[in-house]
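In our numbering, the protein residues as written are 13 to 469.
For glycine and all other residues, C-beta sits at the position ideal for the given N, C-alpha and C.
Please read all numbers here as calculations on a predicted model, not as lab measurements.
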Amino acid sequence: MLSAPTRTLRRLLAATATLTLAVGLAGAAPATATAADRDPGGSQPLPGYTIENPPLAPLVVAGKPTTVRQGVRRHAAYIIEVPARWNGDLVLWAHGYRGQGTVLSPEPPGLGLRQRLLDQGYAWASSSYDRNGFDIRSGVLSTKDLADYFGRTVRRPQHTYLTGVSMGGYIIGRSLEQYPGFYDGALPMCGVLGDQTLMDYFLDYNLVAQTLAGVPAYPTPADYLTNAVPRIQVGLGLAGLTPTGPDTTTDRGKQLRAITVNRSGGSRPGADAAFAVWKDFLFSISVTDGGDSPAERPGQLATNLLTRYSPNSPVNVNASVPRIAPENVWQRLLPTLTQVPRVAGRPTVPVLSLHGLGDLFVPFSMEQAYATDVARQGRSRLLVQRAIRTTQHCEFSPAEAGAAWDDLVSWVRTDKRPAGDTVTDPAVVARPDYGCRFSDPAAYAAGVGTRRLYPAC
């Protein structure tokens, strides 16, 4: 498992020192738009960006078309959709990481949720954020601004919910703490709820692999993927490894796999197959095209100074792996809203999350880190987590996402906490049937995606 995030300045600075030394809505009265709403000073994208927001066709709900509004405000594109029989509640969709591209585009809620929300009477809204990249601050501020804009130009919602995927889950986790009490419930899926520790995990994989293979390659050279990585793969027996084929790993390759399993959530169903799916991608994530954002230069924040790796044989990795300090200690530790801020685990409203057991891009350990933080804050009553037996990133069926949404809404309305999975007890997580309770049996029966990498429940 990922160790608890480094939360105190004293410990990290001491370790660093040691290293150095060594919507016109029918049936509702729209609010009056203010001058700022009509011309918010951001009706164009930021320099270098373009907007792509093609017209979204309304859906027909209960025989009547929805109302769709699209536009740009505060440099971010948006979509708002409201059913004719609106129930008075709003759902904000937070999209995931878009890379470093220069095209901004909002998207409708995925995983079947757009239709489900509208059928149930909910309005939804989605922002492109005002910039791309791994920029949580942009997502938090753009999403909140869109919620405020909806309240002024359509009508103030009775309840406002957050849902989204991947980096959107990070935005959700921080939004709940940035604006306590503003949102009424949240459904993050495959979310980066362990905040900056995701970057530590990527660093771990590459440093440990290099150490075990005897191929030092940090800082990552320009020819990393064409020179160092092939030698690492051959040395560790990774080159021919597949999820369903024979185990080609050497003893040191097996140690890398075991360390990666532990750092990504611990022993659990499907973990070895997941390693075979993701082993190559986890090398590529360390290579960027330059630039100075955290995603382009993760060394600003990533560290393994305090990490203990297990198992520690046949190679004593803990003694031999390079120890890397974050370049920007202060940005890592600041409590303020930065590009890659801390999530302290202080939700004030119900949070129900979904996560794939074999996802090694945003690993299951993100859920464990968040659960630990929330427990430390005495707020575990506000968190329910569910494990899904899938391996690709954000690989959920509409049935899984829809059931989670319905249970979240019921929780908010009735204060009755729904069922979930225990994520921080290693013995529970390691059980052969772990993740069966909330995984979609119909998706398994149909052989969808990576479902068959897991035994039948």
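Task: PHE162 versus THR79: straight-line alpha-carbon distance, rounded - done: Spanning the alpha carbons of PHE162 and THR79 requires a straight line of approximately 13 Å.
- [ ] Please state whether DSSP places THR434 in a helix, a strand or coil.
- [x] It is coil, neither helix nor strand.
Open item on the list: Closest to VAL440 by C-alpha separation, out of TYR90, ARG398, ALA458, LEU465, would be which residue?
Closed with: Taking only the C-alpha atoms, the option nearest VAL440 is ARG398.
- [ ] Decide if SER296 is buried, meaning its Cβ has at least 16 other Cβ atoms within 10 Å, or exposed.
- [x] SER296 is classed as exposed because its beta carbon has fewer than 16 other beta carbons within 10 Å across all chains shown.
Open item on the list: Rounded to whole angstroms, what is the Cα-Cα separation between SER117 and GLU93?
Closed with: The alpha-carbon atoms of SER117 and GLU93 are separated by roughly 16 Å.
Open item on the list: Quick check: the Cα distance between ALA198 and LEU174, rounded to an integer number of angstroms?
Closed with: Going from the Cα of ALA198 to the Cα of LEU174 covers about 5 Å.
- [ ] Under 6 Å Cβ to Cβ from PRO362, same chain only, skipping five residues before and after it: list those, please.
- [x] Shown here for PRO362: same chain residues with a beta carbon closer than 6 Å to its own, the five before and five after excluded, namely GLY197, LEU394, TRP423, VAL424 in chain order.
Open item on the list: By alpha-carbon positions, which one of ARG128, ASN144, ALA106, PRO67 ends up nearest to HIS87?
Closed with: For the residues ARG128, ASN144, ALA106, PRO67, the minimum Cα distance to HIS87 belongs to ASN144.
Task: Same chain only: Cβ atoms within 8 Å of ALA415, ignoring 5 sequence neighbours per side - done: Within the same chain, ALA415 has close Cβ partners PHE450.
Task: Best match in PRO347, ASP101, ASN99, GLY151 for proximity to TYR90 [C-alpha to C-alpha] - done: It is GLY151.
Open item on the list: Here's a check: name, in chain order, each residue in its chain whose Cβ is nearer than 6 Å to the Cβ of VAL241, leaving out the five neighbours to either side.
Closed with: For VAL241, where only same-chain residues beyond five positions count, the Cβ hits under 6 Å are PHE295.
Open item on the list: Beta-carbon within less than 6 Å of TYR456's beta-carbon, same chain only, minus the 5 sequence neighbours each way: which residues are those?
Closed with: Once the five neighbours on either side are set aside, the close Cβ partners of TYR456 are ARG463.
Open item on the list: Below 8 Å, how does it come out for the stretch 204 to 224 and the stretch 134 to 143: are there three or more Cβ pairs, yes or no?
Closed with: Result no; under three Cβ-Cβ pairs closer than 8 Å.
Open item on the list: Which complete beta strand (DSSP E) runs does the stretch 106 to 153 hold, if anything under 3 residues is left out?
Closed with: Counting only runs that start and end inside the stretch 106 to 153, the beta strand (DSSP E) elements of at least 3 residues fall at 135 to 139.
Open item on the list: Let me check one thing: in DSSP terms, what residues is THR172 bridge-paired to?
Closed with: Assignment of beta-bridge partners to THR172 by DSSP yields LEU102.
TODO: Identify, in the order they occur along the chain, each residue of the same chain with its Cβ nearer than 7 Å to the Cβ of VAL220, setting aside the five sequence neighbours on each side.
DONE: LEU268, ILE271, TYR321, VAL329, VAL333, listed in sequence order.
Task: Length-filtered (4 minimum) alpha helix (DSSP H) runs lying within the stretch 179 to 220 - done: Listed in chain order, they are 179 to 190.
Task: Identity of the residue in ARG280, LEU250, ALA413, GLY277 nearest LYS291 by Cα - done: For LYS291, the nearest C-alpha among the options comes from LEU250.
- [ ] Determine, using beta carbons only, whether VAL84 and GLN56 come nearer to each other than 8 Å.
- [x] Yes, the Cβ-Cβ distance between VAL84 and GLN56 is below 8 Å.
Task: Sub-8 Å separation of HIS405 and ASP452 beta-carbons - done: For HIS405 and ASP452, no; Cβs fall outside 8 Å.
TODO: Taking 8 Å as the threshold, find out whether the stretch 100 to 109 comes into contact with the stretch 173 to 189 through three or more Cβ pairs.
DONE: Judged by Cβ distances under 8 Å, the stretch 100 to 109 makes contact with the stretch 173 to 189, as three or more pairs qualify.
TODO: Per DSSP, which residues does LEU395 bridge with? Please list them.
DONE: Bridge partners of LEU395: VAL363.
TODO: With DSSP collapsed to three states, give me the class of VAL379.
DONE: Strictly speaking, residue 379 in this sequence is Glu, with Val absent from that position. The answer is helix: DSSP assigns GLU379 an H, G or I state.
Open item on the list: Give me the residue from GLU119, VAL115, THR114 with the minimum Cα distance to LEU104.
Closed with: The shortest CA-to-CA distance from LEU104 to any of GLU119, VAL115, THR114 is the one to GLU119.
Open item on the list: I need the straight-line Cα distance from ILE336 to GLN312, nearest angstrom please.
Closed with: Straight across, the Cα-Cα distance linking ILE336 with GLN312 is about 10 Å.
Task: Where the alpha helix (DSSP H) containing TYR90 begins and where it ends - done: Taken as a continuous stretch (DSSP letters only), TYR90 belongs to no alpha helix (DSSP H), being part of the beta strand (DSSP E) at 88 to 94.
Task: PRO233 to ALA283 span [Cα, whole Å] - done: Approximately 30 Å, taken between the alpha carbons.
Open item on the list: With distance defined between alpha-carbon atoms, name the residue in VAL396, GLN389, THR165 nearest to VAL355.
Closed with: Residue GLN389 holds the alpha-carbon nearest to the alpha-carbon of VAL355 among VAL396, GLN389, THR165.
- [ ] Quickly, what does DSSP pair ILE400 with across the bridge? List them, please.
- [x] Paired residue(s): GLY368.
Open item on the list: Using a 10 Å radius around the Cβ and a threshold of 16 neighbouring Cβ atoms, would you call ASP235 buried or exposed?
Closed with: Under this definition ASP235 is an exposed residue.
TODO: Take GLY133 and list the residues in its own chain whose beta-carbon comes closer than 7 Å to its own, dropping the five residues that flank it on each side.
DONE: Only PRO95, ARG97, TRP98, ASN99 meet the Cβ criterion.
Task: Secondary structure of ARG449, DSSP reduced to three states - done: ARG449: coil per DSSP, three-state reduction.
- [ ] Would you grab the beta carbon distance between ALA413 and GLY185 for me? Rounded to a whole angstrom, and I think it's under 8 Å.
- [x] Your pair ALA413 and GLY185 does not check out as a contact, with CB atoms roughly 18 Å apart and the cut at 8 Å.
TODO: Note down the Cα distance separating GLN380 from LYS76, rounded to an integer number of angstroms.
DONE: A straight line joining the alpha-carbon of GLN380 with that of LYS76 spans about 44 Å.
Task: Where TYR456 falls: helix, strand or coil (DSSP) - done: Of the three classes helix, strand and coil, the one that applies to TYR456 here is helix, per DSSP.
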